[in-house]
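Heads up: the structure comes next, in structure tokens.
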Amino acid sequence: MTALLALHDLSVHRGSRPVVDHVSLRVGPGECVGLIGPNGAGKTSLLRAALGLLAHQGQSNIADLPAHARARQAAWMPQSREIAWGIDVEAVIALGRTPWLPRGGRLRPEDRAAVDRAIRRMKLESFRHRPANHLSGGEQARVLIARALAQETPLLMADEPIAGLDPAAQITTMEVFGRIAAEGKAVVVSLHDLGLAARHCTRLVMLDRGRAVADGAPGAVLTPERLEEVFALRAFYSRSADGPIFQPLESLR
Amino acid sequence: MSRLMPLLTLGVAALFLASLLIGPAPVGVLDSLSALILDDGTPMTLVMREIRLPRALLAVIVGASLGMAGAAMQGYLRNPLAEPGLIGVSASAALGAVIALQTGLAAAFTLALPLTALGTALLGVLLLLALAGPRGASLTLILAGIAISALAGALLSLVLNLSPNPFATSEIVFWMMGSLADRSMTHVWLALPLSVLGWLMLATLGRGLDALTLGEDAAQALGIRLTRLRLTLVIATASVVGAATAVAGAIGFVGLVVPHILRPLVGARPSRLLFASALGGAVLVLAADIAVRLILPDRDLKLGVVMALIGAPLFLHLIYKTRKEFA
Amino acid sequence: MANRIAPRISGSVRLCKALLLAAALIGAAAEAQEAPRRVVSINLCTDQLAMMLAAPGQLHSVSFVALDRRASSMADAAQDYVINHGRAEEIYLMQPDLVLAGRYTARASVEALENLGIPVATFDIVTSMAGVRRAVLEMGEALGRQAAARDMVADFDSRLAALQAEVTRRPRAALYHANGFTSGRASLAHEILTAAGFENIAITAGYETGGKLPLEILALAAPEAIITGQPYPGTSRAERIMDHPVIEALRRGAQGAAVTDADWVCGTPHVLRAIEGLAPLRRALEATR
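Chains as they are written, first to last, in my numbering: chain A, 972 to 1224; chain B, 100 to 426; chain C, 2 to 290.
Following this line, the structure appears as structure tokens:
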């Protein structure tokens, strides 16, 4: 399997403290990986270091690429959802085509097609010409996801993409990620909602204090022992006709 | 948008022509224009070629430079309040120009004047970026701008006060308020090289500024090299503001007013705003310079006064609109 | 009959002579009493008038501006006097019995001196030839040197008349100073220019009161001579206008240019030197038409 994301011994230090501690990971096409862990586990730092946005030790295949090649290989949706100006939704999404545009910066037919596909996927057709910063937080999140989709890279990485969305939108978005993975791309998303992670991700990677403590199918990762040790949580987990059901029950702190 | 650029170009052309035809000399339109094009031996040719033409050209150069620099700074800092005058770059450039003139450096070699202005403007921009940080929050930006303007203005007064020339002290009005009166083609040649250099550099920033709409992280991940972008921005801004200020004094608010007005007309796209602001800046400065000659013609009204009368109310309005940030 | 009248006439004549003699004696005594013995001048123009009119030892101090060759016609002569900077404390310590000041000398300094009981004589700015005469006579009055003043005025008048007699044609000239200022009526520079036989284009162009003359108007007026001031050391934007290509072109095209100097500054008989200085230029221009 050719890895679309290959991390080897990746470490990030803040001062002397390791925020990411010797993490190795390989993600191939068809995988939708959920990166989970409590606050401060190092999820964001891991993703940013993998993309070359943060100084690190160890290796990342994406970070090893030159800047413009990186952008064609991996799309990144950061946690801070900035849209500085009142640009049209369509134009925001079209920003995802930046790495593919020629010198002149004009959108070609294939760029427009990619934008249209992204709009359709995220059901933003009626928002096309509205200024992006006049939308609600949840709507803006969908626009930014569409932007990452429009980039049409083999690898898509997102930091808390569904935070702040309503339940239906959350499910729809995770389904979109699942479909993209099924089409042969790789998706890595960091999530706090363990239930959605269990239902929609093919694989979970659990981080605790910078170390990858578990990596595998949701059922194998979300064991009661791990939940207690890493999340200080007791939860209900079972497989049903509608798929895995996961519900946190009690905090063990 | 598709109509905006041709409209602005037309505006520049029309105002340029008007600027050539307005002045105290009571000569008709056709006579003025023929004196400009053909050297008919009358003093009017001298007036047209050596007084009116340089003035109109400089208005275009200064306006384009300040408009474009304002749009670029706002795009980079993601803040509509960023503009060369407000954030102290113009004052820093004026300081350099005064130093070059008073130390005799300007007389030593031709481009010494705009280059010294560029140097001090560069210091001003770097200081501002160091103070304001990568995401220029309004409050920090304005405070940094006040500090830098105050420092540059004080040093400028000092240099002028130390001059043995009795007229030097009152020059501060020109440097802080700006004026295009009685310029010559020499000033045009002085300002042009660094201005063109700066314009070309700023023009390359379009894609990066667009991507910065999504924030620095996302822009970097889209393949934009932020350090190179910042460096280009700093040098280009210092270059155009330095050249413009060296010959016309510190003219403020152009970089604030023009992008603000044009932003809704270009769909808020920073890349489009760059070019629109260049033309818009030329339109604004040409119009203001014409106004200066029509209102109180015998009182030597400074260009900066008109710009401040237009720009300061807008500045207040913008502060009011963004006051939630301060809360 | 004649014998009876003659003694009465000779008696009244003797009375008149006696009265006249008494009046003269009183007048002389009055003059001798009024003439100040220790005079300090704190204004450039009063400095020069005082230096020209004062009796030996009467003038004690002149202002530092009198030493500036650029502004003072008598910079060498000024070196023989104590130099002051116009400060009240400094002047007071000199114990003068008269201080000479100009209308625009710092009000605070003048008032301070008056409060200290020192008489201050204030002289107006001179803006005409008649003003020069008046200033000389007023200075004579203040210094108790009326006779010397009257002689100076007479000399001034005859020399002025001689200079004006030789004018045949009045060439057009422009006065252009820093910041683009020109001089109109009621200015000394204008009076010097016209006394030298020129016509001031500021008047014909409609700038009778002087002030800022637009460069365009100057260019269109195409004067035959352009008269500018000497640049000060250091640079200033105000003086840069002298380097403007239009001025350069006018200097080249016009038959002549001249530069104003210290003689143009104050309304003293030295203005005659300024007028004399312009004479060669005017004669040259007269010859070309």
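For glycine and all other residues, C-beta sits at the position ideal for the given N, C-alpha and C. Remember, it's a predicted structure, so these values are computed and weren't measured experimentally.
The beta carbons of Ile126 (chain C) and Gly103 (chain C) sit about 7 Å from each other, so the pair counts as a contact at 8 Å.
Under the 9 Å criterion on CB atoms, Asp309 (chain B) is classed as interfacial with respect to chain A.
The beta-carbon of Ala205 (chain B) is placed less than 9 Å from the nearest beta-carbon of chain C. In this structure, Leu161 (chain C) keeps its C-beta atom at 9 Å or more from the C-beta atom of Leu50 (chain C).
Rounded to the nearest whole angstrom, the CA to CA distance from Ile1151 (chain A) to Ala1157 (chain A) is 8 Å.
Met406 (chain B) is positioned such that its CB atom lies closer than 9 Å to that of Gly277 (chain B).
Taken in chain order, the whole beta strand (DSSP E) runs of length 3 or more contained in the segment 1062-1125 of chain A number zero.
By the neighbour-count definition (other C-beta atoms within 10 Å, threshold 16), Asn178 (chain B) is a buried residue. Under the Cβ criterion of 9 Å, Ala250 (chain C) is counted among the residues facing chain B. If you draw a straight line from the Cα of Leu119 (chain B) to the Cα of Asn116 (chain C), it comes to about 59 Å. Shown in chain order are the members of the segment 232-250 of chain C whose Cβ falls below 7 Å from a Cβ of chain B: Tyr233, Pro234, Gly235, Thr236, Ser237, Arg238, Ala239, Glu240, Ile242, His245, Pro246, Val247, Ala250.
Separation of the CB atoms of Gly1135 (chain A) and Arg1170 (chain A) is rounded to 19 Å, and the pair is thereby denied contact status at 8 Å.
Interface annotation, Pro363 (chain B): in contact with chain A, CB-CB separation under 9 Å. Residues Arg1205 of the same chain have their beta carbon placed closer than 6 Å to that of Glu1221 (chain A), with the five preceding and five following residues left out of the count.
Sequence-distant Cβ neighbours of Ala342 (chain B) in its own chain, meaning closer than 6 Å and more than five residues away, are Pro213, Ala290, Leu293, Ser294. Residues of chain B with a Cβ closer than 7 Å to the Cβ of Glu217 (chain C) are, in chain order, Gly122, Pro123, Ala124, Val146, Ile150. The C-alpha of Val1063 (chain A) is placed about 58 Å away from the C-alpha of Phe182 (chain C).
Following the DSSP letters along the chain, one finds Ala205 (chain B) inside the alpha helix (DSSP H) bounded by residues 204-207. Taking a contact as a CB-CB distance under 8 Å, the pair Ala193 (chain B) and Ala251 (chain B) counts as one, their CB atoms being some 7 Å apart. Shown here, Thr236 (chain C) sits in coil according to DSSP, grouped into three states, outside any helix or strand. Taking C-beta atoms as the reference points, Leu1126 (chain A) and Leu975 (chain A) count as a pair closer than 9 Å. In chain order, Gly1057 place their CB closer than 6 Å to the CB of Pro1102 (chain A), counting only its own chain and leaving out the 5 sequence neighbours on each side.
In this structure, the beta-carbon distance from Gly1029 (chain A) to His993 (chain A) falls below 9 Å.
By the Cβ criterion, the segment 256-272 of chain B is in contact with the segment 221-236 of chain C, since at least three pairs of Cβ atoms, one from each stretch, lie closer than 8 Å. For Met284 (chain B), the closest Cβ of chain C is nearer than 9 Å. A direct Cα-Cα distance of roughly 55 Å separates Ala196 (chain C) from Thr108 (chain B). Under the Cβ distance rule, Ala231 (chain B) does not count among the residues neighbouring chain A, no pair being separated by less than 9 Å.
Annotation: Cβ neighbours of Gly322 (chain B) in chain A (cutoff 7 Å, chain order): Ala1038, His1039, Arg1041, Ala1042, Thr1069, Pro1070. Following the DSSP letters along the chain, one finds Thr123 (chain C) in no alpha helix (DSSP H) but inside the beta strand (DSSP E) bounded by residues 121-124. Going by beta carbons, Thr261 (chain C) and Leu176 (chain C) fall inside the 9 Å limit.
For Asp1179 (chain A), there are no neighbours in chain B by C-beta distance under 7 Å, as the nearest C-beta there is about 24 Å away.
Unbroken beta strand (DSSP E) runs of no fewer than 3 residues, entirely contained in the segment 1178-1212 of chain A, are found at 1182-1187, 1204-1211, following chain order. Under DSSP, the beta-bridge partners assigned to Val100 (chain C) are C:Val41, C:Val121. DSSP places Val154 (chain C) in no beta strand (DSSP E) but in the uninterrupted alpha helix (DSSP H) bounded by 147-166. With contacts defined as CB atoms closer than 9 Å, Phe1217 (chain A) and Gly1149 (chain A) fail to qualify as a contacting pair.
Chain-order list of chain A residues neighbouring Arg177 (chain B): Ala1055, by C-beta distance under 7 Å.
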